[in-house]
Amino acid sequence: MRLERDHFCFACGKENPRGLKLDIEVDTEGARFEYVVPADLQGWQGFTHGGIISTMLDEVMVWAAAGREIETVTAEMTVRFKNPLPTNHTVKVEGKVTEERKRVVLAEARAFDSNKVYAEATGKLFRVP
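Residue numbers for the sequence shown, in the working numbering: 1204 to 1332.
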């Protein structure tokens, strides 16, 4: 199976009208981006929906693997929410690979700013043959 990039990914696709259009910086050390979550992606009033936070953490882990030229899809992810993330607020999201195995890549990510960590994640990513 080969993964085809069609620019329509919900998280990073620039052609998806409903997507986040994340602008992700990638290198062999990991992946990172900054994003201002718009108010229409809230859960409770004024706070980012947890599913959106999880999406951003998932995306940055897969891109961290891509920075090592490893194509993956998420097999399992655990998210720990630390603080509510306000909407209309700039958040930094970073991810890195922590271990490479034969069929699985382990990664971690966090969403934060200079004052708080909003969420952390660990992931098991399947290598795509």
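Virtual Cβ for every residue (Gly too), placed ideally from N, Cα, C. Given the structure is predicted, the values throughout are model-derived calculations rather than measurements.
| Item | Value |
| --- | --- |
| Is the beta carbon of residue 1299 sitting closer than 7 Å to the one on residue 1233? | yes |
| On the three-state DSSP scale, how would you describe residue 1265? | helix |
| Using beta-carbon positions only, say whether residue 1229 and residue 1293 come within less than 7 Å of one another. | no |
| Quick one: what does DSSP say residue 1314 is sitting in, helix, strand or coil? | strand |
| Grouping DSSP H, G and I as helix and E and B as strand, with all else coil, what is residue 1288? | coil |
| Return the chain-ordered list of same chain residues with a C-beta closer than 8 Å to the C-beta of residue 1252, the five sequence neighbours on each side being excluded. | 1244, 1245, 1246 |
| Determine the direct distance from the alpha carbon of residue 1223 to that of residue 1288, and round the result to whole angstroms. | 16 Å |
| If you reduce the DSSP assignment to three classes, tell me which class residue 1214 lands in. | coil |
| By a C-beta neighbour count over all protein chains shown, 10 Å radius and 16 as the cutoff for buried, is residue 1249 buried or exposed? | exposed |
| Note down, in chain order, each residue of its chain lying with its Cβ closer than 6 Å to the Cβ of residue 1266, except the 5 sequence neighbours on either side. | 1227, 1229, 1234 |
| Please name the residue or residues paired with residue 1282 in a DSSP beta bridge. | 1324 |
| Mind checking who residue 1309 pairs with in its DSSP beta bridge? | 1302, 1327 |
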